[in-house]
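Read in order, the letters of the sequence shown correspond to residues -21 to -1, 1 to 457 in mature numbering (1 follows the signal peptide of the UniProt record, and there is no 0).
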Amino acid sequence: MAAGFVLCLLLLQLYVQPYTGQEPVDLSAFQPQSALTDMEFVSVSSYRGPGNTDTRSNKELPILLWWSGNLFPHFPGDTERVDCARSSCLVTRNRKVQLHRRTASIIFYGTDFRAYEAPLPRLAHQTWALFHEESPMNNYLLSHGSGISLFNYTATFRRESDYPLTLQWLPSLNYLLKPPSVSLEEKNSWRKAGLAPVLYMQSHCDVPSDRDRYVQELMKYMQVDSYGKCLNNKPLPEYLEDTSTATGEDQRFMSFVARYKFHLALENGLCPDYMTEKLWRPMHQGCVPIYRGSSSVADWLPNEHSAILLDDFHSPQELAKFIMDLDNDDSKYLRYLEYKTPSKITNLRLLEGLQNREWGINDMSKPNYLNGFECYVCDRENERLTAEKKHRREPDKYPAPQPKMANNTHMGCPLPSPGYGAIEEIEPNDGWLQMWPQDYWQSLDQAEGLVSLINHNESDPGQLWQHIHRMAVSRNSQ
Ligand SMILES: *[C@@H]1O[C@H](CO)[C@@H](O)[C@H](O)[C@H]1NC(C)=O
Ligand SMILES: *[C@@H]1O[C@H](CO)[C@@H](O)[C@H](O)[C@H]1NC(C)=O
Ligand SMILES: *[C@@H]1O[C@H](CO)[C@@H](O)[C@H](O)[C@H]1NC(C)=O
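Printed below as a string of structure tokens:
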């Protein structure tokens, strides 16, 4: 009874909420750790797409609930009407609408998604939508089939997701085309002055990709200058000591690192299509990335010789030999920068990907991808609701809409494996070994536990541990 009363009050609130139209979006509301800058989140607010002829009043619209409220891409207030390309919705971050019949979809941020906090019971008429652009390491629950298939719609870095964010770290083609900040002549004179050919700069050391183990081995065979906390062998100049500026687009930082011919560009987690600024920034500066991260990275590179892929080499020693050879051969090195000439960018997937994405980075004429995904979900939900209504009225004429859910191709990152060498060779007390393989498998338990909670119509997500325990006991008794 009390809950019903609260719901009524809340709906009253929703109904009286005036539709205020063109409000600017609060950029400060979205500050994930991934260092997406405010600049990248310039955005249009509620916009009525050319095809939107939705005349319904706010109280007739389906509701989309942002379960991760800190990502709610509107300001001010907690609720807003959005007018998308084909239809309109009410969007809110007010969790009190969770069980309301008009709440059609719940939107989650992958990094924050926790099985023990999931909105339960899961209602049959509600879909779940996942936004996850960050590293796979932030939530391995999503990399298991049982976890990802809880969601009906996804926006992830994978091209197979419903609303792909694959090139999210590449602002534009011009970003790649910018002429090298430091000429090869200058780079060579820096080499003579004692700079290593290769730069490494990481301060986040214990990560699933276990990159330091590889770099440590590489350092046996060639000179690498390492300025970050990980494998540090050189002090940063005083003016760069603040690492918060050292990871950004700070001009002095850029000039400092651009003197290196090669940058180790190693993602913190390995997953198909997971590519970050670690790849694109050195290319922007005119340095050659030595890359590991997405196993399918070659699909997106400007041409077949614009990055060195660590996985193409059998060993760090072989890689070192290859780099030293390039270091001594200017014409071979310059081949890696040919893509700075537009006609040498031959990868159509890259060109079309940049051209066709509907969201923009630093582009006022396009929505940001949070608003874009919200509208994607809104339009899909309105289609589904229309199809369901038709089916209820005339079941013989209109079949029920097919259920839609995500699968492993929407995320599906592999079990973390050692950055170098075989797992059997790693000391039992190794930090990486104790952390990441375990995290991966515990995430599987949590995904399966949540599926069990849902199948039992459980309304208290705190029951997760009991369900995991029960599943383990029944596994052991089989
Ligand atoms: C959404 O996904 C769930 C399972 O993850 C599924 O049971 C349900 O049918 C899907 N809903 C729609 C509308 O496709
Ligand atoms: C996974 O989902 C995609 C659609 O997003 C679909 O095309 C594909 O067939 C599915 N794969 C499997 C194995 O179910
Ligand atoms: C959960 O609820 C659904 C729909 O109300 C019902 O069909 C199903 O039998 C319930 N399952 C359990 C395990 O209680």
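C-beta atoms are modelled at their ideal positions from N, C-alpha and C, and glycine is treated no differently.
Check: residue i C-beta below 7 angstroms from any heavy atom of ligand 1
i           : result
residue 390 : no
residue 383 : yes
residue 128 : yes
residue 501 : The structure shown does not extend to residue 501, since the chain spans only -21 to 457, so no value can be given for it.
residue 81  : no
residue 363 : yes
Distance between beta carbons of residue j and residue i, contact taken as under 8 angstroms
i           : j           : result
residue 192 : residue 407 : Their Cβ separation, rounded to whole angstroms, is 15 angstroms, which puts residue 192 and residue 407 out of contact at 8 angstroms.
residue 426 : residue 126 : 3 angstroms
residue 161 : residue 269 : Wrong, their Cβ atoms sit about 17 angstroms apart, outside the cutoff.
residue 258 : residue 277 : Not confirmed; about 11 angstroms, so no contact.
residue 358 : residue 94  : Not a contact, Cβ separation roughly 29 angstroms.
residue 189 : residue 395 : 7 angstroms
residue 234 : residue 207 : Wrong, their Cβ atoms sit about 18 angstroms apart, outside the cutoff.
residue 36  : residue 253 : That belief does not hold up - the Cβ atoms of residue 36 and residue 253 are roughly 42 angstroms apart, past 8 angstroms.
residue 204 : residue 175 : 4 angstroms
residue 88  : residue 50  : 5 angstroms
residue 319 : residue 156 : 6 angstroms
residue 282 : residue 240 : The Cβ separation is near 19 angstroms, so there is no contact.
residue 103 : residue 132 : The Cβ separation is near 17 angstroms, so there is no contact.
residue 272 : residue 249 : 6 angstroms
residue 194 : residue 247 : 13 angstroms between Cβ atoms; not a contact.
residue 290 : residue 274 : 7 angstroms
residue 303 : residue 130 : Actually they do not touch by this definition, with Cβ atoms about 47 angstroms apart.
residue 154 : residue 284 : At roughly 19 angstroms, the Cβ-Cβ gap does not stay under 8 angstroms, so residue 154 and residue 284 are not in contact.
Counterpart residues of residue i in DSSP-defined beta bridges
i           : result
residue 59  : 70
residue 245 : 271
residue 84  : 43 and 106
residue 205 : 179
residue 402 : Paired residue(s): none; residue 402 is not in a bridge.
residue 132 : 108
residue 288 : 270
Residue i beta carbon near ligand 3 (any heavy atom closer than 7 angstroms)
i           : result
residue 435 : yes
residue 103 : yes
Check: residue i C-beta below 7 angstroms from any heavy atom of ligand 2
i           : result
residue 139 : yes
residue 350 : no
residue 131 : no
residue 247 : no
residue 31  : no
residue 386 : yes
- prompt: Does the segment 304 to 314 come close enough to the segment 206 to 217 that 3 or more CB-CB pairs lie under 8 angstroms?
  reply: no
field: Three CB pairs or more closer than 8 angstroms across the segment 419 to 434 and the segment 444 to 451
entry: yes
- prompt: Touch check for the segment 72 to 86 and the segment 377 to 384: three-plus C-beta pairs under 8 angstroms?
  reply: no
task: Report yes or no: do the segment 85 to 102 and the segment 430 to 449 share at least 3 C-beta pairs separated by less than 8 angstroms?
output: yes
message: Using a Cβ distance threshold of 8 angstroms, determine whether the segment 193 to 209 contacts the segment 291 to 302, with at least three qualifying pairs required.
response: yes
task: Evaluate the contact criterion for the segment 387 to 395 versus the segment 119 to 137: three or more CB pairs, one atom per stretch, below 8 angstroms.
output: yes
query: Would you say the segment 114 to 130 touches the segment 338 to 353, given that touching needs at least three Cβ pairs under 8 angstroms?
result: no
field: Three-pair Cβ contact test at 8 angstroms for the segment 145 to 157 versus the segment 245 to 265
entry: yes
task: Please determine if the segment 321 to 335 and the segment 36 to 46 are in contact, where contact requires at least 3 C-beta pairs separated by less than 8 angstroms.
output: no
message: With three or more C-beta pairs closer than 8 angstroms as the rule, is the segment 66 to 75 touching the segment 350 to 357?
response: yes
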